[in-house]
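Each residue of the sequence shown is one higher than the one before, starting from 13 at the first, in the numbering used here.
Notes to accompany the following structure.
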Amino acid sequence: MSADTIDLRRRAMLSAGALVLGFTLLPRRALAEFNGMGVPPIANKDLPGSLQRTPMLDAWIRIAPDGKVTVFTGKVELGTGVRTALLQVAAEQLDVAPAAVHFITGDTALTPNEGFTAGSHTMADSGTALLNAAAQVRALVVQGAAAQFKVDANALKTSNGTVIAPDGRKMHYGVAIRGIDLHRAAQVKSPLKNVHDYTLIGHSLPRVDIPAKLTGGAAYVQDMRLPGMVHARVVRPPAYGARLLSADAAGVARMPGVLKVHLDGNYLAVIAGDEWQAVQAMRALSASATWQRGPALPSPANIHATLRALPSQDIVIQDRHEPAGKAVFSLKRRYTKQYVLHGSIGPSCSVALLEQGSMTVWTHTQGVYPLRAALAEMLSMKMDEVRCIHTESAGCYGQNGADDVAADAALLARAMPGRPVRVQLMRDQENQWEPYAPAMSTQLAASLDASGRICDWQYELWSGSHNERPGNAGKLIPAQLLARAFVPSPSQPMPMPEGGGDRNAIPLYTLPQSKVVNHFLPVTPLRTSAMRSLGAHINLFAIEGMMDELAIAAHADPVEFRLRHLDDPRGREVVERAAKEFGWNQRKRRRDHGFGFAFGQYKNIMAYVALAVEVRVERSTGAVHIVRVTAVADCGQGVNPDGIRNQLEGGILQSSSWTLYEQLKFTPDGISSVDWASYPIMRYSNVPEKVDVILIDRPGAPLLGVAEAAQGPMAGALGNALADATGKRWCDLPLAGPHLMS
């Protein structure tokens, strides 16, 4: 993989650039608060998707005089297939072949600022923006051709990047667009193609990112090899708050191939001519270093009591008081979730180059613009002197070590100007220092009236931050370790309906009286941030578990009980369809087998998912085998059905691993889960024997994010299936183990 050939000293004059200027001129305090999602302010609230914030058409699409089409998006490929889906959307509305489109993603010099690729927002925000921008650009192309052909625009057709007149004359887009300036604001209404004429949207095109990954080609930032590139490795402290007392920098500097030993406060690194020399020097430097240990971590056995005792910001996110029946049955449960590791298959990596006063960083961050702001602050450089270019990595979702290692690369490139510097973390460094998914504790009390309906619902949750992504330099571990240390901006709760720990804490069911409280913990013992689905994982585990227990108390079938309380017609459809496709009413009782059902709409605004699960539990060991899963999803207009199914299947497997097995191990002395042997995770032998995903497609409907929609429902269904199999309700994650048969 080679560097982009675009001149780094030039900056594309996109409308996004003007908007970013306004963003960067905000006062520092406002910047930290505004950077919750890292996007520029709304320019026109009536525009669809990300056009609201970046309304100029040429920020999204450009057509060269030779007809070459370039499409831009601020969202990035994280292995979910969105690069292919976004390309399909743009090519469909432009009426060009996908292979003819030059598609540029996540580059602060070129693409719109769409903040982070997170929260299943890509298709809803960027996909919607491209859908409408492409339709408007195509209409302008047709108008240009009509003026040159001297015919009515309605008489023209487009095909494969060409405008065709009724008499057979043809004009490619580059000629047709002459005299028309695409540097104009998008209109509120777009001339979208008829959904019945779609040839790309709704069809399973092969993913454009797969060939290199499948064949071992240059697919990831780890594969980058630039001329004159050197290799660096860092030495992280042994635990939070540790202070460096001494290190043999002089001795390590004399090792073969070592070009530089970099010490700055508690920050240690080595730069060498090749990767193995850097690893050897890093190990020697680490062995020579002595540290003063930081404060002890709490006991893992008491972590949830510790969390509940911490100072909190108590936020009431729902408080409903409507007429309700008198309670005749009440139930109260407490649910807990452990810290969970991202466990990216490839340790984080980044490449940086300082040349002619400009810093370029190739990174697998999920937000190139917010990262650029943090790096510029850390380096004391102007914003337009730092360029971040997204480059895929072997594992990135939520916030892993990607942003930290980008900071490493930038710091070390500054120490080695004119030479590209590649930094890759070691496995133990990734595991010890990444921001984990927070441990959480929740409490739910609910009541039934005499008719078997829920009459009261009281839910509370305790969680630290699920969003510590870079916006200021202090969010980056390397910046915290410098002699002139940067301090993280204070943790802030994420507002609803997105939410953080309280994501999906408000049930979609109809409840006359309900109160939901988020006890947000600004400071917690371990470093935490975003993991797919955030709080939705445990919140839906708790909600759907309680729904099953209340159904039993009401002597009702779990599916029927859910429908009794569900008014949303799309929600009802996925529930009914999932039950039918699974054969819920035909399920047969077998020894040690259990069945579970669950439902959710991600954030109550994104994709709907209902699923049913059959499990088998081994009496001798408590091992859990997932026999089959049937999921039904409604994500509005489906763009790439195969990609949607892949995401739902991946979410089902990922949630199964979290729910059954995963738990970060730590002691008061530090993190213990430093490798795969010390971190429990689902193995191939534990993968469900059968997973069926059925999609309810709604052509022309808004695009709804789906990548994180299955995690919560799968946790709920697994919890219900295990209760059904064992006759006991288990509320503390992870669930698998010998205790199941106790």
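Cβ coordinates follow ideal geometry from the N, Cα and C atoms, glycine included.
Remember, predicted model here, so these are calculated numbers, not experimental data.
Is it buried or exposed for residue i, if we count other Cβ within 10 angstroms and need 16 for buried?
i: His-751; result: exposed
i: Asn-551; result: buried
i: Gln-6; result: This structure does not reach residue 6, given that the chain is present from 13 up to 754, and the question cannot be answered.
i: Ser-4; result: Residue 4 is absent from the model: the chain starts at 13 and stops at 754.
i: Ile-518; result: buried
i: Glu-626; result: buried
i: Asp-326; result: exposed
i: Ala-419; result: buried
i: Pro-72; result: Reading off the sequence, residue 72 comes out as Trp, not Pro. Answer is buried; the Cβ neighbour count reaches 16.
i: Gln-444; result: buried
i: Glu-442; result: buried
i: Ala-262; result: exposed
i: Arg-190; result: exposed
i: Ala-449; result: buried
i: Val-535; result: exposed
i: Lys-349; result: buried
i: Trp-1; result: Beyond the ends of the chain as shown, which are 13 and 754, falls residue 1; an answer cannot be given.
i: Asn-56; result: exposed
i: Asn-732; result: buried
i: Arg-602; result: exposed
i: Leu-257; result: exposed
i: Ile-401; result: buried
i: Val-207; result: exposed
i: Ala-146; result: buried
Note down, in chain order, each residue of its chain lying with its Cβ closer than 8 angstroms to the Cβ of residue i, except the 5 sequence neighbours on either side.
i: Ala-565; result: Phe-341, Leu-343, Leu-460
i: Val-154; result: Ala-165, Leu-168, Thr-170, Val-175, Ala-188
i: Asp-604; result: Arg-628, Val-629, Glu-630, Arg-631, Ala-737
i: Lys-338; result: Asp-461, Ala-462, Cys-467
i: Lys-677; result: Pro-312, Ile-683, Ser-684, Ser-685, Ser-690, Tyr-691
i: Ala-224; result: Ala-230, Ala-231
i: Gln-289; result: His-243, Met-267, Pro-268, Gly-269, Val-270
i: Gln-148; result: Leu-69, Ala-198, Gln-199, Ser-202, Pro-203
i: Gly-557; result: Arg-345, Tyr-347, Gly-728, Gly-731, Asn-732, Ala-735, Arg-741, Cys-743
Which residue or residues does DSSP assign as beta-bridge partners of residue i?
i: Phe-532; result: Gln-325, Ser-475
i: Tyr-279; result: Asp-276
i: Leu-238; result: Leu-238 pairs with nothing; no bridge assigned.
i: Cys-400; result: Val-373
i: Ala-364; result: Val-373, Val-433
i: Phe-128; result: Paired residue(s): none; Phe-128 is not in a bridge.
i: Leu-256; result: Trp-303
i: Ala-244; result: Ile-283, Val-435
i: Lys-527; result: Asp-331, Gln-470
i: Ile-683; result: Phe-678
i: Val-380; result: Partner(s): none; Val-380 has no beta bridge.
i: Gly-648; result: Leu-715
i: Val-270; result: Ala-284
Just to confirm my understanding: we take residue i, look at its own chain, exclude 5 residues before and 5 after, and list those with CB closer than 6 angstroms. What are they?
i: Ser-62; result: Glu-126, Asp-137, Ser-138, Ala-141
i: Leu-322; result: Leu-533
i: Met-13; result: Reliability fails at Met-13, whose pLDDT of 44 lies under 50, so the model's placement of it is uncertain and the value that follows must be treated cautiously. Ala-230, Asp-235, Met-236, listed in sequence order.
i: Ala-563; result: Pro-570, Phe-573
i: Asp-331; result: Lys-527
i: Leu-194; result: Leu-69, Asp-70
i: Pro-432; result: Leu-238, Met-241, Val-363, Leu-365
i: Phe-594; result: Ala-624, Thr-642
Can you name, in chain order, every residue of its own chain whose Cβ lies under 7 angstroms from the Cβ of residue i, other than the five neighbours on each side?
i: Val-291; result: Arg-245
i: Pro-482; result: Pro-382, Leu-383, Ala-386, Asp-415, Leu-488
i: His-333; result: Gln-525
Is the closest heavy atom of the ligand FMN to the C-beta of residue i under 8 angstroms?
i: Thr-642; result: Ligands displayed in this structure: none; no statement on the ligand FMN is therefore possible.
Compare the C-beta of residue i with all C-beta atoms of chain B and state if any pair is closer than 9 angstroms.
i: Leu-734; result: As a matter of chain content, chain B is missing from the structure shown, which is built from one protein chain.
Worksheet item: So, do the stretch 232–252 and the stretch 272–286 have three or more beta carbon pairs nearer to each other than 8 angstroms?
Response: yes
Worksheet item: Which parts of the stretch 131–212 are runs of the beta strand (DSSP E), unbroken and 3 residues or longer, counting only runs that do not cross its ends?
Response: 169–171, 174–176, 182–184
Practice prompt. Quick one: which unbroken beta strand (DSSP E) runs of 3-plus residues sit fully inside the stretch 437–466? Chain order, please.
Written response: For the beta strand (DSSP E) assignment, the uninterrupted runs of no fewer than 3 residues enclosed by the stretch 437–466 are, from N- to C-terminal side, 452–461.
Fill in: Start-end ranges of the alpha helix (DSSP H) lying completely within the stretch 559–641, minimum 4 residues
For the stretch 559–641, whole alpha helix (DSSP H) runs of length 4 or above, ordered along the chain, are 570–576, 581–594.
Discussion item. As an exercise, report each continuous beta strand (DSSP E) stretch of at least 3 residues that is fully enclosed by the stretch 307–355, in chain order.
Written reply: 325–333, 339–349
Worksheet item: At what residue ranges does the stretch 52–124 contain a whole run of the alpha helix (DSSP H), taking only runs of 4 or more?
Response: 94–106
Practice prompt. Go through the stretch 701–751 residue by residue and report every complete run of the alpha helix (DSSP H) that reaches 4 residues or more, in order.
Written response: 723–738
Discussion item. Three Cβ pairs or more, each shorter than 8 angstroms: is that satisfied between the stretch 313–323 and the stretch 486–505?
Written reply: Contact fails: fewer than three Cβ-Cβ distances are below 8 angstroms.
Worksheet item: With a cut-off of 8 angstroms, do at least 3 Cβ pairs link the stretch 99–115 to the stretch 210–219?
Response: yes
Worksheet item: At a cut of 8 angstroms, does the stretch 292–312 reach the stretch 702–717 through at least three beta carbon pairs?
Response: No, the stretch 292–312 does not touch the stretch 702–717.
Item to complete: Decide if the stretch 661–674 is in contact with the stretch 419–435; the criterion is three or more beta carbon pairs, one per stretch, under 8 angstroms apart.
Response: no
Discussion item. With three or more C-beta pairs closer than 8 angstroms as the rule, is the stretch 505–516 touching the stretch 292–299?
Written reply: No: fewer than three Cβ pairs fall under 8 angstroms.
Fill in: Contact between the stretch 589–596 and the stretch 642–658 (3+ Cβ pairs under 8 angstroms)
yes
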